[in-house]
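2 protein chains.
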Amino acid sequence: VTRRVSTTEPRRGPGRRPGGGDTRGEILAAARQQFATLGYDGATIRGIARAAGVDPALVHHYFGGKEQVFVAALELPFDPTVVLPRLVSGDPAALGERFTRFFLSIWSNPGTRAPFLALLRSATTSEAAAAMLRSFVARVLLARIAAGLDDVPDRELRITLSASHLLGVALLRYVIKVEPLASATDDEVVAIVAPTIQRYLGGS
Amino acid sequence: VTRRVSTTEPRRGPGRRPGGGDTRGEILAAARQQFATLGYDGATIRGIARAAGVDPALVHHYFGGKEQVFVAALELPFDPTVVLPRLVSGDPAALGERFTRFFLSIWSNPGTRAPFLALLRSATTSEAAAAMLRSFVARVLLARIAAGLDDVPDRELRITLSASHLLGVALLRYVIKVEPLASATDDEVVAIVAPTIQRYLGGS
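First to last, the protein sequences are chains F and Z.
Under this note's numbering, think of the first position of the first sequence as 447, with each following residue one higher.
Under this note's numbering, think of the first position of the second sequence as 447, with each following residue one higher.
Dropping the structure here:
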C-alpha cells in the first residue's frame with residue numbers, strides 16, 4: 447500500500463505529527479467533504495482517497511466499504527450497523543420500549559447527544575447536510591430496521607414516523623427543555639411513547 | 447400618547463420613513479431583543495417601550511398585553527391564541543386528526559413553515575432562543591390546549607409529547623425530506639399519526 451501525505455489542506459487535528467500520523471483523520475475529513483458535496487450516492491472510495499491523498503486500498507484497510515466510511519465520518523458515538531440489528535432482534539413485544547429507552551439514553555448524555563445535535567443543526571440549515579442525514583436514514587437505518595420487522599404494510603413509513611417521534615421527544619426534552627417533558631422521568635416518557643413505537647413498528 | 451422616535455439603534459426596515467412610520471416594527475424589534483435577553487418572565491411592557499423609545503401606552507395600543515406582544519414578536523403566520531382554542535373545541539373524537547392536519551398544513555407551506563423553522567433553528571443553537579420557544583410552549587400552547595381537554599393524568603406531559611411527535615414529523619417530512627415520509631400523502635400520515643395524538647390527548 448502506497449501512502450502519500452496529502453498536501454491539499456487536510457484538516458489537521460492538534461495531535462497530528464508532521465509528515466503523517468493522522469491518516470485516518472485525513473481520510474475522514476476528505477470523506478465528510480465528499481459526502482457533503484456529492485451526496486452519498488455520488489461519493490466514491492476512490493474520490494475520497496484522492497481527496498485525502500492516499501491509495502484507495504488504505505481507505506478499505508481503515509474502514510471497509512463506503513457505508514463504513516460514511517458512518518465513521520458522521521462521528522456517531524456508537525455504530526448503528528451493530529446496535530440496530532441488536533435492538534430489532536430481541537423480544538418483539540418489547541420493541542417499542544427498547545427503541546425508546548435506547549434513544550433516551552443517547553440523547554440524555556451530553557457527550558453522545560452532541561454529534562446527533564450537530565448533524566440535526568446543520569441539516570436544518572444546509573441542503574448538503576440534509577442530504578447526508580437523508581442518506582444516513584435511508585442507507586443505514588431504514589433497511590436494517592425493516593429487515594428485522596414483520597412485513598407490515600407501510601413498514602418504511604412507520605419506521606420513519608417512529609424516528610420522527612423519538613427525534614421530536616429528544617429535541618423538546620433535551621435541547622429546548624420544554625416542561626413538563628424535560629423534567630419527566632424516563633419511565634414516565636417510556637410509559638406513553640413506547641406503546642406508540644410498538645404500534646408503529648408492529649403494524650397496528 | 448407621547449411618541450418619541452428612538453435614537454438607540456432600533457432595527458430599521460427598508461420602508462421606514464425618517465422620523466417615524468414604523469413604530470410597530472420598532473416595538474417588535476425591541477420586544478424580540480428584550481424577550482431574548484430577559485426571557486418571557488423578565489421582559490416587561492415598560493422595558494420594551496423604553497427600548498423602543500415609545501410610551502408604554504402605545505405598546506398596549508398596538509398589541510394589548512405582554513402575551514400579544516410576545517406572539518407578534520415571534521412573527522407566526524397565524525395567531526395561536528385564536529387557532530388553538532378552535533382546534534381543541536371541536537368534536538373530541540377527531541381531536542388527533544384536527545391537530546395533525548393543521549400541523550401538516552402549516553409545515554407543508556414554505557411561507558408558513560419559515561417562521562417556525564427559523565424559531566427551531568435558533569432554538570437549537572442559542573439558549574436565549576430556546577428560552578423563547580420554551581416560553582411560547584409554556585405560556586401560549588400548553589395552557590390553551592390543556593383548558594380544552596378532559597382532566598386526564600399527565601395532561602401537560604401528553605400535550606408536549608403530542609407536540610414532539612408533530613414537530614418530528616415536520617422536521618423529517620418537510621425539512622430533512624426523509625423518504626418515504628417526505629412523499630407520503632397527508633392522508634397516509636394522518637392515518638398513522640392522528641390515532642397517536644388522539645390517544646395522547648384523550649388520555650389513553
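Ideal Cβ placement from N, Cα and C applies to all residues, glycine included.
In this text the structure is predicted, and so the values were computed from the model without any measurement.
query, result
"Proximal residues, the segment 577-590 of chain F versus chain Z, C-beta separation under 7 Å", "Leu-579, Arg-580, Val-583, Ala-584"
"8 Å Cβ cutoff, Ser-610 of chain Z in contact with chain F", "yes"
"Classification of Ala-495 of chain Z by the beta-carbon crowding that lies within 10 angstroms, buried from 16 upward", "buried"
"Closer than 8 Å at the beta carbon, the chain Z residues around Gly-614 of chain F", "Ala-609, Ser-610, His-611, Leu-612, Leu-613, Gly-614, Val-615, Leu-617"
"Under 8 Å from the C-beta of Ala-569 of chain Z: neighbouring residues of chain F", "Val-621, Ile-622"
"Arg-457 of chain Z classed as buried or exposed, judged by whether at least 16 other C-beta atoms fall within 10 angstroms", "Any reading at Arg-457 of chain Z must be qualified, since the residue scores a pLDDT of 42, below 50, and its modelled position is unreliable; the value itself is stated next. Arg-457 of chain Z is exposed by the Cβ-count criterion."
"Segment contact flag, the segment 563-572 of chain Z with the segment 629-645 of chain Z, C-beta cutoff 8 Å, min 3 pairs", "no"
"Reduced DSSP category for Val-615 of chain F - H, G, I as helix; E, B as strand; rest coil", "helix"
"For Ala-482 of chain F and Met-578 of chain F, believed in contact at Cβ under 8 Å, the rounded distance", "6 Å"
"Proximal chain Z residues relative to Leu-606 of chain F, where beta-carbon distance stays under 8 Å", "Per the sequence shown, the amino acid found at residue 606 of chain F is Thr instead of Leu. Ordered by position in chain Z, the residues that pass the 8 Å Cβ test against Thr-606 of chain F are Leu-618, Val-624, Glu-625, Pro-626, Leu-627."
"Identity of the residue in F:Gly-557, F:His-506, F:Leu-587, F:Arg-470 nearest Val-529 of chain F by Cα", "F:Leu-587"
"Short CB-CB distance (under 8 Å) between Ala-630 of chain Z and chain F", "yes"
"In chain order, each alpha helix (DSSP H) run of at least 4 residues that lies wholly inside the segment 465-490 of chain F", "469-488"
"Interface flag, Leu-563 of chain F vs chain Z, CB-CB below 8 Å", "yes"
"Supposed contact pair Pro-523 of chain Z and Gly-557 of chain Z - C-beta distance, whole angstroms, cut 8 Å", "7 Å"
"Through-space distance from Ala-592 of chain Z to Gly-510 of chain Z, alpha-carbon basis", "23 Å"
"Leu-595 of chain Z - DSSP class collapsed to helix/strand/coil", "coil"
"Outcome for Ile-638 of chain F when other beta-carbon atoms lying within 10 angstroms are tallied against a minimum of 16", "buried"
"is_contact[Thr-642 of chain Z, chain C] using C-beta, thresh 8 Å", "The structure shown contains no chain C; the protein chains it does contain are F and Z."
"Chain-ordered chain Z contacts of Val-639 of chain F [CB-CB under 7 Å]", "Leu-607"
"Minimum Cβ-Cβ distance from Glu-430 of chain F to chain Z less than 8 Å", "In the structure as shown, chain F begins at 447 and stops at 650. Residue 430 of chain F is therefore absent and cannot be evaluated."
"Cβ-based neighbour list, Ala-575 of chain Z, same chain, cut-off 6 Å, excluding 5 preceding and 5 following", "Ser-568, Ala-569"
"Selection from Z:Gly-485, Z:Trp-553, Z:Ala-497 that minimises the alpha carbon distance to Ala-421 of chain Z", "Any property of residue 421 of chain Z remains undetermined from this structure, which presents chain Z solely from 447 to 650."
"Three-state class that DSSP yields for Thr-570 of chain Z in the structure shown", "coil"
"Assigned exposure category for Ala-616 of chain Z - 16 Cβ within 10 Å defines buried", "buried"
"Cutoff 8 Å: Leu-603 of chain F Cβ touching any chain Z Cβ", "yes"
"CB contact check: Tyr-646 of chain Z to chain F, cutoff 8 Å", "yes"
"Sub-8 Å separation of Val-500 of chain F and Val-515 of chain F beta-carbons", "no"
"Sequence-distant residues of the same chain with beta carbon closer than 8 Å to Arg-590 of chain F, five excluded per side", "Pro-526, Thr-527, Leu-530, Pro-531, Val-534"
"Rounded straight-line distance, which links the Cα of Gln-480 of chain Z to that of Tyr-620 of chain F", "25 Å"
"Residue burial classification, Gly-536 of chain Z (beta-carbon count within 10 angstroms, cutoff 16)", "exposed"
"Nearest neighbour of Leu-612 of chain F, chosen from F:Pro-641, F:Asp-600, F:Leu-484 [CA to CA]", "F:Pro-641"
"Neighbour flag for Leu-595 of chain Z against chain F, beta carbons, 8 Å", "no"
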